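In my numbering, the protein residues as written are 4 to 531.
Following: one structure in structure tokens, then a few remarks.
Okay, structure coming up:
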């Protein structure tokens, strides 16, 4: 998904995670003249997930392309039959270590990531993977965080809202120096693919679309530059979007409905009390045990401000105690005195920095695009995890497990990751392995962004593990008898061909990605 697709997004205010300040801020630039700022401005920042800065990336991680229960490139379509970006299950482990004969994963070091290859859009009925379930994505809350007087040292990074700003590099040519800033999400998405990387110069202010001497604007990720040098970037202020809450649910009804129609969900009755096609509104009531407990008038539709604008979208949506719905603007909101309505039950709320509702040992962090798309969500361990040899640690809802098989002398000689059904990865341990840092998956983060940073070493380790495993299996039958040692040999083409086709395909794709990244880095060096 490119820049233009990302511009067709969705956005909304937080009513849960943090109090909000004024609806806007005069420093922020709207997407177009006369267009209101789509998201409210947060009164304060919230703590990001642990290990979201660049310095916290995995150390010499093992790489697992996928497992049968952790699906990759799942195709989905929305309610309108439009293909949406494929979905990926990813697992990341950061900053793990061996201590006193057991593996330690610090709080926040284990992360499940619903890793989408492109933006997920509200009000479209897009399927959203949630640990094996596929509810429909309904709506979300988003805000803009603004931090003042921000200094980023060369090579360093800072959190602003749900974004991470990384002073990536300085490139010099004669008397000119340019300073590149990478903008990423807390999950690791690098927005360079969508918006490019802002480039600043003290004596070339016309660089990067005329913004290079003053600051930058990437939709609602914005900043005002004060100082640019090889040592640091200093900003008067930086802004970053934060997805405060996501809402999904199981479909209860979709279609045209008339006044008086009703639907049951458990003990609740949802009733369409009135339809006013002239005014463009519909009134919804929710009753429980015969008593009215909620009502809201939905509409009118403001097509020129949908889906991005908070107020315009929220005017169409209702939510109450496990049920939700909205007046659907597409293909038309009203017809023959009836309203186009979508209703959902068994709703799932994923809230920034709050416990995950189905497994409170994990904290949820939705991930957002600067314009209001959703870009998946993270579930990270709340407390430190310690795993002794022969033990396993569960991911959220037992969706996957980290199994430690053997530790000696501070080295993890044998360990693996497995899915809920017991399908397991290669043995990821070895005599040089000092942690269980991991990258699992092929999505936008696991299969692209992380490869930029640690991909070459990660893939080399995977090739070696796969080759060692094949060589060991091939050598075992050649033993002459008890105590006989098989001769050591390097794996040949037959050993590589014996790898599972899915693994070979993933390695081929990842290898191409590494090659492309290497070529691009080489091209940039040659150009300077």
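Every residue gets a Cβ at the ideal spot worked out from N, C-alpha and C, and that includes glycine.
Note that this is a predicted model, so its numbers are computed, not measured.
Cβ distance (whole Å) where residue i is taken to contact residue j below 8 angstroms
| i | j | result |
| --- | --- | --- |
| residue 109 | residue 441 | Wrong, their Cβ atoms sit about 14 angstroms apart, outside the cutoff. |
| residue 150 | residue 266 | With 8 angstroms as the limit, residue 150 and residue 266 do not qualify as a contact, their Cβ atoms being about 45 angstroms apart. |
| residue 142 | residue 320 | 5 angstroms |
| residue 56 | residue 160 | 5 angstroms |
| residue 452 | residue 193 | 5 angstroms |
| residue 347 | residue 327 | 5 angstroms |
| residue 287 | residue 280 | The pair is not a contact, with the Cβ atoms about 16 angstroms apart (cut-off 8 angstroms). |
Residue i and residue j closer than 9 angstroms at C-beta
| i | j | result |
| --- | --- | --- |
| residue 257 | residue 342 | no |
| residue 130 | residue 175 | no |
| residue 117 | residue 138 | no |
| residue 355 | residue 187 | no |
| residue 180 | residue 204 | yes |
| residue 443 | residue 89 | no |
| residue 79 | residue 86 | yes |
| residue 376 | residue 121 | yes |
| residue 206 | residue 178 | yes |
| residue 351 | residue 124 | no |
| residue 250 | residue 140 | yes |
| residue 396 | residue 113 | yes |
| residue 169 | residue 182 | no |
| residue 388 | residue 107 | yes |
| residue 96 | residue 368 | no |
| residue 405 | residue 105 | no |
| residue 461 | residue 103 | no |
| residue 145 | residue 313 | yes |
Own chain, CB closer than 8 angstroms to residue i, minus 5 neighbours either side, in chain order
| i | result |
| --- | --- |
| residue 413 | 101 and 437 |
| residue 408 | 392, 393, 416, 417, 418, 419, 430 and 432 |
| residue 399 | 115, 134, 359, 361, 362, 364, 365 and 382 |
| residue 525 | At residue 525, the pLDDT of 42 sits below 50, so the modelled position is not reliable and the matter cannot be decided from this model. |
| residue 496 | No answer about residue 496 holds up, because its pLDDT of 31 lies below 50 and its placement is not dependable. |
| residue 434 | 414 and 416 |
| residue 303 | 282, 283, 284 and 318 |
Helix, strand or coil at residue i according to DSSP, with G and I counted as helix
| i | result |
| --- | --- |
| residue 53 | coil |
| residue 418 | strand |
| residue 177 | coil |
| residue 458 | helix |
| residue 326 | strand |
| residue 400 | helix |
| residue 452 | helix |
| residue 490 | The pLDDT assigned to residue 490 is 30, lower than 50, so where the model puts this residue is not dependable; a value taken from the coordinates is nonetheless given after this. Residue 490: coil per DSSP, three-state reduction. |
| residue 508 | For residue 508, the predicted model reports a pLDDT of 49, less than 50, meaning its position is unreliable and no value from the coordinates is stated. |
| residue 445 | coil |
| residue 349 | strand |
| residue 317 | helix |
| residue 306 | helix |
| residue 100 | strand |
| residue 467 | helix |
| residue 197 | helix |
| residue 48 | coil |
| residue 86 | strand |
| residue 28 | coil |
| residue 58 | helix |
| residue 222 | coil |
Any chain C beta carbon closer than 9 angstroms to residue i
| i | result |
| --- | --- |
| residue 386 | Considering every chain present, this structure includes no chain C. It has just one protein chain. |
Close Cβ partners of residue i (< 6 angstroms) along its chain, the five nearest in sequence each way excluded
| i | result |
| --- | --- |
| residue 65 | 431 and 441 |
| residue 456 | 60 |
| residue 70 | 422 and 426 |
| residue 154 | 235 and 237 |
| residue 424 | 72 |
Spatially closest choice to residue i from the options, by CA coordinates
| i | options | result |
| --- | --- | --- |
| residue 427 | 40, 175 and 72 | 72 |
| residue 247 | 457, 75 and 50 | 50 |
| residue 243 | 463, 223, 254 and 231 | 223 |
| residue 339 | 27, 259, 290 and 203 | 259 |
| residue 77 | 84, 86, 91 and 70 | 91 |
| residue 374 | 42, 28 and 36 | 42 |
| residue 538 | 119, 201, 269 and 47 | No answer is possible for residue 538: the residues shown for the chain start at 4 and end at 531. |
| residue 289 | 302, 276, 277 and 272 | 272 |
| residue 446 | 469, 44, 185 and 380 | 380 |
| residue 226 | 249, 202 and 209 | 202 |
| residue 37 | 345, 136 and 308 | 308 |
| residue 148 | 28, 386, 450 and 402 | 28 |
| residue 200 | 384, 99, 221 and 54 | 221 |
| residue 52 | 75, 465 and 357 | 357 |
| residue 111 | 30, 191 and 385 | 385 |
Close-in-space but distant-in-sequence residues of the same chain around residue i (CB under 7 angstroms, 5 per side omitted)
| i | result |
| --- | --- |
| residue 253 | 138, 347, 348 and 349 |
| residue 33 | 39 and 40 |
| residue 278 | 261, 262, 285, 340, 341 and 342 |
| residue 1 | Only positions 4 to 531 of the chain appear in this structure, which leaves residue 1 out of reach. |
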